[in-house]
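Numbering (the numbering used here), first residue to last: 236 to 524.
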């Protein structure tokens with residue numbers, strides 16, 4: 236009885252709505268930039284504030300996305316069970332959470348360095364603006380990837396107070412990585428998006444084309460990660476990790492096809508988590524040696 240009440244309490248409903256547990260899969264993006272910029276451990280203070288910034292940014296972006304998409308989600312059978320369409324959480328509460336996350340993001344940027352604070356308005360524009368991109372462009376998949384890649388560049392700036400060329404290559408890797416996943420994930424909503432007039436590659440060009448572009452995006456990811464390893468001079472554990480990541484990406488694309496999307500969630504959720512953690516471990520190993 237007590238556990239049921241806790242599970243249906245507003246905080247628990249909110250955390251489930253933004254899939255807070257997936258923050259563990261998103262944090263490696265920021266840590267990649269942090270460790271490579273510092274060429275090792277940057278110190279606990281920097282690491283803690285980067286973590287606060289990352290968690291706050293993801294919370295802000297996900298909560299605002301759920302608010303902006305609440306009417307669309309209500310009409311989509313796949314998403315109609317989410318908290319806002321069902322009335323389990325009020326829009327006011329979700330927006331208040333966005334405000335709290337935004338305040339913590341400002342505090343974290345302020346604690347890191349002046350450049351982080353100066354760049355924050357541009358980053359925040361992407362964090363809240365990407366939710367609307369599918370209303371006017373099928374490039375929304377890559378814009379989402381670009382937004383997620385801010386974690387890498389932001390962490391780099393937090394350590395070095397500047398953006399160096401390797402940071403842009405790593406940003407490209409994350410951009411194409413996330414875009415590839417999103418292209419696959421969007422395939423399940425192709426028909427709905429067409430009916431609603433929403434823009435996505437599957438809705439505009441078809442599922443087969445979307446899966447092909449997802450493969451191309453992930454090829455670019457591997458090339459960018461390899462370029463990063465060469466540029467920074469990472470040791471052999473990084474290359475072993477990159478080989479494993481490449482194998483997982485190939486396996487992911489074998490899980491789905493234009494005629495069979497039944498294993499899409501396995502490809503999107505499980506592979507995303509595995510790849511992010513293995514890439515982080517590979518970077519750590521490459522730096523240690």
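For glycine and all other residues, C-beta sits at the position ideal for the given N, C-alpha and C. As the structure is a computational prediction, the values presented were derived from the model and not from experiment.
- A straight line joining the alpha-carbon of residue 445 with that of residue 280 spans about 42 Å.
- Per DSSP, the continuous alpha helix (DSSP H) segment holding residue 344 begins and ends at 326-347.
- Take residue 430, set aside five residues on each side of it, and no residue of its chain has a beta-carbon closer than 7 Å to its own.
- If the five residues before and after residue 260 are omitted, its C-beta is found closer than 8 Å to the C-beta atoms of 507, 508, 511, 512, all from its own chain and listed in chain order.
- Annotated three-state conformation of residue 388 is helix, per DSSP.
- The alpha helix (DSSP H) runs lying completely inside the segment 364-438 and spanning 4 residues or more are 375-395, 400-421, 425-431, given in chain order.
- When the beta-carbon positions are compared, residue 449 and residue 499 stay at least 8 Å from each other.
- In the displayed model, residue 306 falls within a helix according to three-state DSSP.
- Burial state of residue 464 is buried, judged by a 10 Å Cβ sphere holding 16 or more other Cβ atoms.
- Distances from the alpha-carbon of residue 300 to those of 496, 362, 334, 470 put 362 closest.
- Within the segment 269-317, the runs of alpha helix (DSSP H) that reach at least 4 residues and sit entirely inside it are, in chain order, 279-303, 305-310.
- A distance below 7 Å between beta-carbons, with the five flanking residues on each side excluded, links residue 395 to the following residues of its chain, in chain order: 272.
- In the three-state scheme derived from DSSP, where H, G and I count as helix and E and B as strand, residue 452 is classed as helix.
- Taking a 10 Å sphere around the C-beta of residue 407, we find 16 or more other C-beta atoms and assign the residue as buried.
- Checking the DSSP bridge columns, you'll see residue 497 has no partner listed.
- In the DSSP assignment, residue 476 falls within the alpha helix (DSSP H) that extends over 471-490.
- Across the set 495, 370, 460, 343, the C-alpha of 460 shows the shortest separation from the C-alpha of residue 479.
- Between residue 414 and residue 377 the beta-carbon gap is near 4 Å, inside 8 Å, which marks them as a contact.
- Just so you know, the alpha carbons of residue 342 and residue 291 end up roughly 10 Å apart.
- With at least 16 other beta carbons inside 10 angstroms of its own, residue 294 counts as buried.
- Annotation for residue 507: the continuous alpha helix (DSSP H) segment containing it runs 506-523.
- With 16 or more other Cβ atoms from the protein chains shown falling within 10 Å of its own Cβ, residue 469 counts as buried.
- Per DSSP, reduced to three states, the secondary structure at residue 323 is coil, with no helix or strand assignment.
- Here the C-alpha atom of residue 447 lies approximately 11 Å from the C-alpha atom of residue 436.
- Spanning the alpha carbons of residue 442 and residue 482 requires a straight line of approximately 23 Å.
- Residue environment: residue 302 is assigned as buried (16 or more neighbouring CB atoms within 10 Å of its CB, all protein chains considered).
- In its chain, beyond the 5 residues on either side, 472 have a beta carbon closer than 6 Å to the beta carbon of residue 520.
- Of 452, 426, 284, the smallest CA-CA separation from residue 440 is found for 426.
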